[in-house]
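Everything below concerns the one structure shown next.
In my numbering, the protein residues as written are 35 to 1267.
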């Protein structure tokens, strides 16, 4: 029988387990002991007490149960500690840096200290926010590249820094301060001040303070006696004031005070320096060879694989001497060699170079070229920042301007600034940037200007030399290295592909035979067409089908003559695309070239997203490039434009259809250049190409070292252009460099925030003011001479009967000016010109005739510049007569009858006549008398009698009759014939004419009643007074020319400052406020962006909505925002327009010419929806259907938008808006998505 095993069951209660839990410490750690029992703890009394949560206790006591607070016992519930009052702590300020130090003087042998000498310290208080000196300490490393809008720029080169003497003289002249009465009690910017005048004294005028009463209780002369005794002078003697006691003028830094004081004391001892030479532009002869080039420069900083040309060697020699040069050379002559040597020279000197270009395409190409050549090259554009620490920085001119205004520390190390394509200064919108940069560059920076040939290169260089006070060496080329041949092409089919007619050969000779041959060929084809299809012919090309025929025949001809590659310039983006797309049957590449293009496209397009590689433009361009065709214009995506440029430079693109921007400095020459048309639309109207534009584009033809000549072909799709138009376009002079200087709010604010710089100085130094300012030294010398002459003159006697002599003189001058003004208005009016018809008797007054009667014979039909052929009375001419004796003499002392009337000329001997061609200004008065004359017969007779053969023939009866009538009229009215009244007879109702007539009659009465004319001393005293008054008038004219009041833009400057003052950007004293400093940080649309920021119009929006709204400020293609926008965006668009309208109304109220509609019309909201969807993450391939805008313009808009968002981000940080700054950071990152 089996025994059953007993099962041991666990105890029913956990406490009965043979285990015991022990809590160790207060960390929650437990241990198990093999002894049964209850759980225990090493802390038998539990955890130690802890303080309750203060926040919960405060909420429970004071917020949850307010009844706990006692009603009356505030001394227990609100406790305070009495602090010691110390009002003097409010006046504590950081002490000024010590301006001097004590230097020990030791014995040279023993080293024993002999004494101490006080030495002035330099650069003790300079900073980027107080000084313009290059000796100020550098700013933070994070701001070394771009600077900071709050920093001062460096002192512009060539601009005179005011010395202490000038400042003290100017202060004495402008502000004669009475220290007893004229001290102000209201600080600038405060509404009211404190009056410290004692109550028992009579208070001074409101706002003024008496300095003597303030200084009465102060002992300011405690050390005078001791100082006089130490100096060895008796106490009673007065010690002469030291030069240092002169009140110091205002300066931008302490260093300026010390240096200028030292220089002023030295200049007193030196003899006066001779006047600086006035010719700053030095032309360099490039015709003679430079034989000793390698002797002068044995170790050049850079060497090429070819021998430099003469003009390049001349430029290099001047660069080695650290001179500034202006190279005006023909297209493709090799101007880049000069830039390359400057970059190499800067690397050798361990300095930096900045290369500026007008367009980003040129910047990108130069970056690739210079990067391959030098390696240490960086690129700075609005959306790209590559290697900013490099020794050579390539950037657009706008970025350099921003760096100069912001005081970038890059300027310290700068040796050269290279301005490429300087003729771009003629651009109306961006030309002002060149002038600003040239004016603001510091003195240690040398300038290299590269330009196409311009007629006024010497004048432009003279302006820069005068601006910078240094000579500019002008180097020009004589001829192109690769001559050009210009042809007309009239073919349109394979049969006529040989119709290529030479018009201008490589020697510059114009072939009229080729022109007439082209006209005949075109006429013959049109006559055959008329015989077949009828006589009616279109005057221009028919359409894409005819375009295709023209290009197929032309390219077949060029291909057969081995004249590819070719650039076709078309002045329309749409036409570029149409012409390239129409050549579907054309294939110009070999199989190996197709493979190379395919591999290159694959590598480049791999950078795009998968969906973006399937964009219609990408697929279409890839198909064109494989066949050797390319398109280049602003509507192409940036990556595709770079692909086209690189393939074209490799010779894989045989035919490139491009717009005018491709010719702007991009160094990609071709064998042939073709012009689709010679007419373009310049934004306002269609016109022929200017000679400069034609030369710029035609200069792309001819590759140096590859082609003996370049070929330029003008297509004649319709009629052949006129010979005169072709001659003017091909052989005319290129456009001169003209100033496009204008005032901008950014410029004004950037200069107003710096006390030492004035906007007037910027305007004086602009190229537009150069013609009137270049003679300033001569004006100053003439003014000094006139001052001496005036001091030597004897004062006229104006006492007694001659008391009204000055009034008499001023009345006569005013009457003459008033009559001249009225007569000028008459000659400008329609009725006045109508009255000057054949037979009208007039009073002639010019250099040859003084108040002589004449009768009009003929009137020219040219409405812009009318010429009146007139028969005029005169004296019999004398052969030996000198020029100054010709014509009747003007009376020296005018009597009242001379001033009030005309006092007509009467011949002294036999009456003679002449026929003169008069301008409108030569007619002094129009009489009411009209004679019957035969003008043509009189003119023919007079012309005939001017010949030696017929000189002694008697005049015709018609001439004699007219002369006798004029003489009889002059004798009958010696004080002038009755004249046409401008108001009653000519119906001139202008206010100035009516008031001028009334004033003239009043002056006539005053002149007739003058008493001085009855004095026997009147003639002599009048001559003295007239000489004195004429000198004073000339001095006033010279002072005006030298003053700021003669600046052309000064009225507009005052208007723009008034706009800034009204909007709160500057105060009444001209100090820039916070809004103005924010506007300085904006790249464009500064007023509108600042107003939107301060109105909180952007803070409540999301980043994608902000980006969409701001696209209206940078979009170039006009259009309607559409109805599909969210309500937030619609309201935002209306708000932006309302702010723009408010700014426009302020501008109009302040007197600016721009209307409100024009200002608001600058905003284009056509891409708001596209940018909004892009910001929300829509693929670019889907965006193409939202708008008809080309993809390249959309990307360009996003690029400029990102740049604007970055400037807004910096402005938000300046104001202290971190939320808006973060949103702008997000919006700025859209372009990198």
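Cβ atoms here follow ideal geometry from the backbone N, Cα and C, with glycine treated the same way.
Given the structure is predicted, the values throughout are model-derived calculations rather than measurements.
Item checked: Identified DSSP bridge partners for residue 121 -> Answer is none; residue 121 lacks a bridge partner.
Check: Are residue 743 and residue 516 closer than 9 Å when you measure CB to CB?
Finding: yes
Margin query: I'd like the span of the beta strand (DSSP E) that includes residue 946, first residue to last.
Written below: 946-952
Next item on the list: Measure from the alpha carbon of residue 1169 to the alpha carbon of each residue in 1122, 1192, 1209, 1191, then state which is nearest.
Entry: If we check each option's Cα against that of residue 1169, 1122 comes out closest.
Next item on the list: Report the option in 91, 1229, 52, 504 whose CA atom is closest to the CA atom of residue 672.
Entry: 1229
Margin query: To the nearest angstrom, how far is the alpha carbon of residue 1308 from that of residue 805?
Written below: This structure gives no information on residue 1308, because the portion of the chain shown stretches from 35 to 1267.
Checklist line | residue 1052: first and last residue of the uninterrupted alpha helix (DSSP H) it sits in | finding: 1052-1076
Note to self: On a Cα-Cα basis, can you pick out the residue from 412, 667, 1204 that is closest to residue 1235?
What the structure shows: 1204
Checklist line | residue 1011 and residue 878 closer than 9 Å at C-beta | finding: no
Next item on the list: Could you tell me whether any Cβ in chain C is nearer than 9 Å to the Cβ of residue 166?
Entry: Checking the listed chains, one finds no chain C in this structure; it contains a single protein chain.
Next item on the list: Give the straight-line distance between the Cα atoms of residue 1107 and residue 1097, rounded to the nearest whole angstrom.
Entry: 11 Å
Next item on the list: Report buried or exposed for residue 163, applying the criterion of at least 16 other Cβ atoms within 10 angstroms of its Cβ.
Entry: exposed
Notebook entry, point to check: First and last residue of the beta strand (DSSP E) that includes residue 135?
Noted result: 134-140
Next item on the list: Tell me whether residue 17 is buried or exposed, calling it buried when 16 or more other Cβ atoms sit within 10 Å of its Cβ.
Entry: Because the chain is modelled from 35 through 1267, residue 17 falls outside the range shown and cannot be assessed.
Check: What first and last residue would you give for the alpha helix (DSSP H) that runs through residue 1182?
Finding: 1161-1183
Check: What do you get for residue 399, buried or exposed, if any count of 16 or more other CB atoms within 10 angstroms of its CB means buried?
Finding: Buried is the call here.
Item checked: Alpha-carbon spacing of residue 422 relative to residue 452, whole angstroms -> 17 Å
Notebook entry, point to check: Under the three-state reduction of DSSP, which class applies to residue 257: helix, strand or coil?
Noted result: Below a pLDDT of 50, predicted positions are generally treated as unreliable, and residue 257, at 43, falls in that range; no measurement from the model is reported.
Checklist line | N-terminal and C-terminal residue of the alpha helix (DSSP H) that residue 1137 is part of | finding: 1137-1148
Next item on the list: Assuming residue 1087 and residue 1138 form a contact by the criterion Cβ under 8 Å, report the distance between their Cβ atoms to the nearest whole angstrom.
Entry: Actually they are not in contact, since the Cβ atoms of residue 1087 and residue 1138 sit about 40 Å apart, beyond 8 Å.
Notebook entry, point to check: Between the stretch 726-741 and the stretch 359-379, do three or more beta carbon pairs fall short of 8 Å?
Noted result: With a cut-off of 8 Å, the stretch 359-379 and the stretch 726-741 count as touching, because enough Cβ pairs lie within range.
Notebook entry, point to check: Counting Cβ pairs, one atom from each stretch, are 3 or more of them under 8 Å apart for the stretch 826-836 and the stretch 1025-1040?
Noted result: no
Notebook entry, point to check: So, residue 1110 versus residue 765, is the Cβ gap smaller than 9 Å?
Noted result: It is not a contact, given that the beta carbons lie outside the stated cut-off.
Note to self: For residue 714, list the residues DSSP reports as bridge partners.
What the structure shows: Residue 714 pairs with 721.
Item checked: Inside the stretch 499-566 only - beta strand (DSSP E) runs reaching at least 3 residues -> 506-510, 518-523, 534-538
Check: Which stretch, first to last residue, makes up the alpha helix (DSSP H) that contains residue 972?
Finding: 969-979
Margin query: With DSSP as the reference, identify every bridge partner of residue 1039, one or two as the case may be.
Written below: DSSP lists no partner for residue 1039.
Notebook entry, point to check: What is the DSSP secondary structure of residue 328, counted as helix, strand or coil?
Noted result: Helix, per DSSP.
Check: From this set, 1258, 1064, 1231, 1237, which residue's C-alpha is nearest residue 1243's C-alpha?
Finding: The shortest Cα separation from residue 1243 among 1258, 1064, 1231, 1237 belongs to 1258.
Checklist line | Residue environment, residue 756, which counts as buried when at least 16 other CB atoms sit within 10 Å | finding: By the neighbour-count criterion, in which a residue is buried when 16 or more other Cβ atoms sit within 10 angstroms of its Cβ, residue 756 is exposed.
Notebook entry, point to check: Who are the Cβ neighbours of residue 696 in its own chain at under 6 Å, not counting the five residues just before and after it?
Noted result: 666
Check: From residue 945 to residue 863, what does the alpha carbon distance come to, in whole angstroms?
Finding: 34 Å
Checklist line | For residue 666, the first and last residue of its enclosing beta strand (DSSP E) | finding: For residue 666, the enclosing beta strand (DSSP E) has its first and last residue at 663-666.
Next item on the list: Tell me, please, whether the stretch 846-864 touches the stretch 1006-1021 by the rule of three or more beta-carbon pairs shorter than 8 Å.
Entry: The answer is yes - the stretch 1006-1021 touches the stretch 846-864, with three or more Cβ pairs under 8 Å.
Notebook entry, point to check: Given residue 356, which residues of its chain have a CB within under 7 Å of its CB, disregarding the five upstream and five downstream residues?
Noted result: Close CB contacts of residue 356 within its chain, under the 7 Å cut and outside five residues either way in sequence, are with 480 (chain order).
Next item on the list: Identify, in the order they occur along the chain, each residue of the same chain with its Cβ nearer than 8 Å to the Cβ of residue 1047, setting aside the five sequence neighbours on each side.
Entry: 842, 929, 930
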